[in-house]
Structure formats: C-alpha cells, structure tokens
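Trainee:
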Amino acid sequence: MKAYMNQIIFESHPRDFILDFLDFLEVDLGKLGLLSACYEVGEQFTFSIIGPTPKNFDFLIIEKWEKIGVEGWSRIMEDDLKFEWDATEYGGKIHILPGISAVLDLVIDYKIPAKTIEPRHGESGLGDALEVDPKAPYVTAHQLLSKDWSWQDPEAKTRCQTLHRVGGEYFYWDGARYKSMTNDAIRRYLYDRLSNAVSITDGTSFNPDQSKLNKIEDALRSAAFQEGDSGSDFWFDDDGNCNLISTETGLLDPLSRDLQPHSPRFFTRSSVPVAYGQQSLEAPVELLHFLDSVFPNDLDSVRLLRQWFGYMLTNRTDLQKILLLVGPPRSGKGTICAVLSSLLGAGNVAGPTLFDFTSQFGLAQLIGKKAAIVGDARFAGRHDQMAQVASRLLAISGGDILTVDRKHIDPWIGRIGARLVICSNELPRLTDNSGALANRFSILQMRRSFLGSEDRRLAERLQAELSSILNWSLDGLDDLNTMGNFLQPESSQEAKKDLDAITSPIADFVDDVCEFCEGASIPCQVLFDKWREYCVSQGREHPGTLQLFGRDLKAAFPSVKTEQMRSGNMRGKRAFIGVRLREPTF
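The following block contains the structure:
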C-alpha cells in the first residue's frame, strides 16, 4: 500500500484492503464518509478519497504525500473550513475536512510503520508547483524525472532515476524492484502533476490540455528510455553482478550470501518478500516434517525439490528443465507450489493453464516472472493443440527467443525467464518423437494421498518459517551447483520410462522390436506393417501413414536413413538403413 497524490494505492483490489486500512487508523466507521472512485493502474488499484462529505461524518484526505507518518487524529468542528497538520518530518500534510457538530478531544494516537507505506517517487515530493517552458517539453520531462522520480543513493551520494521506459513499457522502482506502469497511469500522473504548473515565460497557469500533454508524454518516453530487456535483470550504469536476489533486507548474492542495499540502478522485476538474516539459519522444521510425510524414506526426492527451490530463486534457465509433480489428489502438490509461491512472492509467479500456451496473449503473463506454475494440468485436447503446447514447453524451457503478443502494446521479443512447474494427477499426454520434451522433465513422484486427513493449519506454520526456507533453498542451490545438474531420484525412474513411452511411442516401439547395427536395412513397408501391429497390441487407434512413420522414426533416431534398395528381391523399394527387426520380434 502506498500514498500518492490524493490517492491510496493498494497492491491488490481495495475491496480486500480498505476495511483493514480504516481499522488500522482506528476510525469509527459510523463517522466516516467516503466518496470515492476506483480505477486500475498497471498491476495496482487506486482508491481515490475525495470530498466534500455529508454532515455528521469525518473525512480524511491524504494529499501530496510520499510517506505517511502522523502521530494523531483530531476531530474538528463542522463550521471549520479545514484543519491542517504539518507533518514536516515526512514531507507532507494531513487535511481533515469538517464533519461533526462538536469539538472532540484527541482520541487516537498512532504511527504507521515505515515499511507499510513506501515512497513511490523521489524525496522532493509532488507538492511543489513546477515552472515549465511550454515550448520545451523535453526540458519539462527531465524536470519531472528529477523532481518526482529520483532517489538519493546514500552510498554513492548521487541521485538515481526511478522511472524508466524499457522494452516499450514504463517501470517505476518501489524500493525493492521495478513495477510496470501503464501509459494511462502515466497520463493521469502528468495531468495531476501539471495541473498547478505555471508557465516560466509569463507566470500564467500552464493549464495542460491534450496537445500539451501529448508533447510532454512523447518527450518523457525519450527522457526515460533505457536500453535493456525487460524480462531480465541488469544494472543501468555498469556490468555488475546481475545474479542477485532482491529480498526484504537487500540484494542477496546467492553464492557468497553477502547482502548489499537495494538500489534503483539495479533493474529487476522480482523481489522475494522474505528477510534474510540470522533467523534464516534455523532449520525449516515444519517443511521438513511435511516433506517427510510426502516422500517417506525418499531423501533423494526431498533433495531434488530443494535444488529446484534454490534454482527458482535465481534467474538461471541454463539447465533447460521443467519440474513435474505427479500424484493423486491431495498428495501435497498444491502445498509445495503454495510454499514456492510465497517464497518467490505472488507477484513473481504466473499461474497459466496449459491452453494459455496456445492462445494469442497467453504467454504475456510469463514475462518478468520467476516461475510459471500450472496448478492442475489437464492433457485433454485436440492433437494440434497438444502439439502446440509441447512446442511452447520446449521453446520456453530451452531458452528460445520468442515473439509474445501483448494487448494494446507492441509485441515483446526475448527469452522468457520463467521456470515451468507442472502439477498433474497423471503423466503428460504430449507427443514429441524426438524425445526432447520427455528429457526436459524433472519428475517428482508422489504416491500418498492425504484426502480426508488434511492439516488445515499447515500453511500457516509453513508461512512462519519462510526465512528458514529461504536459507534451505540456497543450500539446495549450492548442492545443484556442485552436482552440475538436477538429481534423478530412483523413485521417479519408472515414471520417467512411462513418460518416454507416452511422448515418443515410436521410440518405445523401436526399443521393443528393433536393433541398430551398421549395414542393417529393412524395407520401409515391412517395418511400417510391424508398427501397425504394435499399435493394435497397444490399443493405439491411429498408426498414421508410412510417410509420417518414416518422419517420426528419423526424428527419434537421426542415425536412421532412407535409401532405395539396389539388389535382391526388394530392388527398387525404399528401405530404412541402420536398423532391423530383432528376433523374435514380439
């Protein structure tokens, strides 16, 4: 929650927060009148508190603030025009409009913690009237950046810009990470900010209209422009270490465990909502107890999960893997994903469905996220849809450059850094005869269901030890770095073989009935007839055509070639070279 101009900005919809906010202020709801408007600002919602109020109600306006810090609440007489309390320590004023018929004593004494409401812009505030040159919009744009979007770096003793335009989007620094700001929000800010500006040429009101605003907005686009990939982390002004994790306590180096202060010079769209400190060194007892019940006598599966938690904290995608949680309902998949989401921060995790991977704008939600969790994967769909899902899973996990359509703004081009997590009651029914997709999956097999014996307080206890879970995850990252790749638990080997057969039935067929050797050959039609027999024995209804069979066979086994036979009874017929039937065939 943040204060901005005459608005209260919430991280989620104000319906979820307004009552808590009023309760925090200890306001008598029977004495409060709210005339308000609500509109969306990027990923946030703005609740504008406006007046005047009816008689017999108290009313609060928060105006021109960046931080709120008020040590008292005063009730005033109805016929007073305005009561003004100068909170100079926090750079703002509180205005309470009249609303009750008598003077009441000071009834509430409170202070809002600094971490509750953080500065949205620079420290100079939005209250000073700007003197602008109507003929110099670019100068005005730099004035706005200097006054409203800058932050004093206590280490470097320089001011850092906190609003940038990267990859066709505006991003503002919230003290720990950069958040997207829509073009509509920028225009609203400009109208509000310039409404009391005066012309430097004659001292008259600047009076922003559409034409003036368009010029300044265009200038601001250029003034705030920065080279960079909005889906990656980077430093604006140097080539420093980009492998940092933004936490509540600062920027954490996951290898050295060193902390450094947050800085707007470091562009990251993700911040872990967990503090790293002495408490982190304690073992996450509740998590370990839970995992012991999910994976009884299976330390390798717990170890693999810990490696994944550590991997997710970073921005790495080099291992090109997808985490697959397979098990019956109520087997712990949802709890594991909930802990992971809490650790990474809800704003850093996307929750797509499988079919979002096939829709025009479905991938846009993955940009700038650390993880994409498919919570309940259903592999029922047309063959062409499932083929597209498989293709997108391969492209994202493989770090391919993608063009992603976004609503109302230019397409985004880059590598999606979100690591994929898929939860399912069954193994994926996706076809990829090359075998590449099956090899991308890192499988955790869960066999026990807790249906009917769920621990309703578990989530609360796990939430309380997130700091310890953070350190546990970093230990998993150390383990992963030492191994060089993810562990493959013995308990998941059977599922791995089944997945290989599902995703590449051609490979399963060849493994059962064929062998490879130099100089071997078999007529294409003969091997295809054996494939059709195999499909009947396996209950497969559509063996396809000879041409498709040949294509899929060579995709699965690139060493196999097709040539025309030049001798014998099959002279002139096409044959597969390098493979033959094993005896007996079945």
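Everything in the sequence shown is counted per my numbering, starting at 5 for the first residue and increasing by one. From the three backbone atoms N, C-alpha and C, an ideal C-beta is built for every residue, glycine too.
Going by beta carbon distance, what residues of the same chain come within less than 8 Å of Glu-430, once the five residues before and after it are set aside?
Mentor: Correct list, in chain order: Val-330, Phe-383.
Trainee: With burial defined as no fewer than 16 other Cβ atoms inside 10 Å of the residue's Cβ, what is the status of Phe-270: buried or exposed?
Mentor: Buried, because 16 or more other Cβ atoms sit within 10 Å of the Cβ of Phe-270.
Trainee: Report buried or exposed for Gly-235, applying the criterion of at least 16 other Cβ atoms within 10 angstroms of its Cβ.
Mentor: By the 10 Å Cβ count, Gly-235 comes out buried.
Trainee: What residues are listed by DSSP as bridge partners for Gln-165?
Mentor: Partner(s): Ser-154.
Trainee: So, for Phe-299: in the same chain, excluding its five sequence neighbours on each side, which residues have a beta-carbon less than 6 Å away from its beta-carbon?
Mentor: Contacts found: Ser-305, Val-306.
Trainee: Name the DSSP bridge partner or partners of Val-540?
Mentor: Val-540 pairs with nothing; no bridge assigned.
Trainee: Rounding to the nearest angstrom, what Cα-Cα distance links Phe-240 and Arg-163 in this structure?
Mentor: Rounded to the nearest angstrom, the two C-alpha atoms are 13 Å apart.
Trainee: My parser needs the alpha helix (DSSP H) runs of 4 or more residues fully inside the segment 212-284; what are they?
Mentor: Complete alpha helix (DSSP H) runs here, min 4: 214-227.
Trainee: What span of residues does the beta strand (DSSP E) with Val-583 cover, start to end?
Mentor: 578-585 is the extent of the beta strand (DSSP E) around Val-583.
Trainee: Buried or exposed, going by whether 16 or more other CB atoms sit within 10 Å of the CB of Val-540?
Mentor: By the neighbour-count rule (16 or more Cβ atoms within 10 Å), Val-540 is not buried but exposed.
Trainee: Does DSSP put Ile-340 in a helix, in a strand, or in coil?
Mentor: Reduced to three states, the DSSP call for Ile-340 is helix.
Trainee: So, helix, strand or coil for Ile-377, using DSSP?
Mentor: Of the three classes helix, strand and coil, the one that applies to Ile-377 here is strand, per DSSP.
Trainee: So Gln-467 packs on Ser-345, CB below 8 Å; how close in whole Å?
Mentor: Contact doesn't hold; Cβ gap of about 11 Å is too wide.
Trainee: Is the beta carbon of Ala-227 less than 8 Å from the beta carbon of Thr-251?
Mentor: No. Outside cutoff.
Trainee: How long is the line joining the alpha carbons of Gln-369 and Ser-363, rounded to whole angstroms?
Mentor: Whole-angstrom Cα-Cα distance: 12 Å.
Trainee: If you reduce the DSSP assignment to three classes, tell me which class Ala-354 lands in.
Mentor: Looking at Ala-354 - three-state DSSP - the assignment turns out to be strand.
Trainee: Tell me Arg-465's beta-bridge partners as DSSP assigns them.
Mentor: Arg-465 is not bridged to any residue.
Trainee: Please report the straight-line C-alpha distance between Asp-302 and Leu-308, rounded to a whole angstrom.
Mentor: Using only the alpha carbons, I get a separation of about 10 Å.
Trainee: For Ser-428, tell me which candidate among Asn-187, Ala-499, Ser-508, Ala-354 has the shortest Cα-Cα distance.
Mentor: Measuring from the Cα of Ser-428, the nearest candidate turns out to be Ala-499.
Trainee: Note the first and the last residue of the continuous beta strand (DSSP E) segment covering Gly-480.
Mentor: Looking at the DSSP string, Gly-480 is not in any beta strand (DSSP E); the run it does join, the alpha helix (DSSP H), is 470-487.
Trainee: Is Phe-361 near Lys-411, with beta carbons less than 8 Å apart?
Mentor: Not closer than 8 Å, so no.
Trainee: Would Phe-229 be called buried (16 or more neighbouring beta carbons within 10 Å of its own) or exposed?
Mentor: Counting Cβ neighbours within 10 Å, Phe-229 comes out exposed, since fewer than 16 surround it.
Trainee: Is Ala-368 helix, strand or coil by DSSP?
Mentor: Here Ala-368 sits in helix by DSSP.
Trainee: Whose C-alpha, out of Ser-472, Asp-414, Leu-367, is nearest the C-alpha of Glu-290?
Mentor: Out of Ser-472, Asp-414, Leu-367, Ser-472 has the C-alpha closest to the C-alpha of Glu-290.
Trainee: Under DSSP, the alpha helix (DSSP H) around Arg-419 begins and ends at which residues?
Mentor: No alpha helix (DSSP H) holds Arg-419; the beta strand (DSSP E) holding it covers 413-419.
Trainee: Count the other CB atoms within 10 Å of the CB of Ala-350; is the residue buried (16 or more) or exposed (fewer)?
Mentor: So Ala-350 counts as exposed.
Trainee: Quick check on the burial criterion: 16 or more other C-beta atoms within 10 angstroms. Buried or exposed for Lys-161?
Mentor: With fewer than 16 other Cβ atoms within 10 Å, it is exposed.
Trainee: Whose C-beta lies closer than 7 Å to the C-beta of Ala-342 among residues of the same chain, with five residues either side of it excluded?
Mentor: Here the set comprises Ala-463.
Trainee: For the beta strand (DSSP E) that contains Lys-565, what are its first and last residues?
Mentor: Lys-565 -> beta strand (DSSP E) spans 565-568.
Trainee: Hey, could you find the ends of the beta strand (DSSP E) Ser-525 is sitting in?
Mentor: Here the beta strand (DSSP E) through Ser-525 covers 518-527.
Trainee: Beta-carbon separation of Leu-585 and Val-517 under 8 Å?
Mentor: A contact, by the Cβ cut-off of 8 Å.
Trainee: Straight-line CA distance for Leu-323 to Thr-486?
Mentor: Straight-line Cα distance between these residues: approximately 14 Å.
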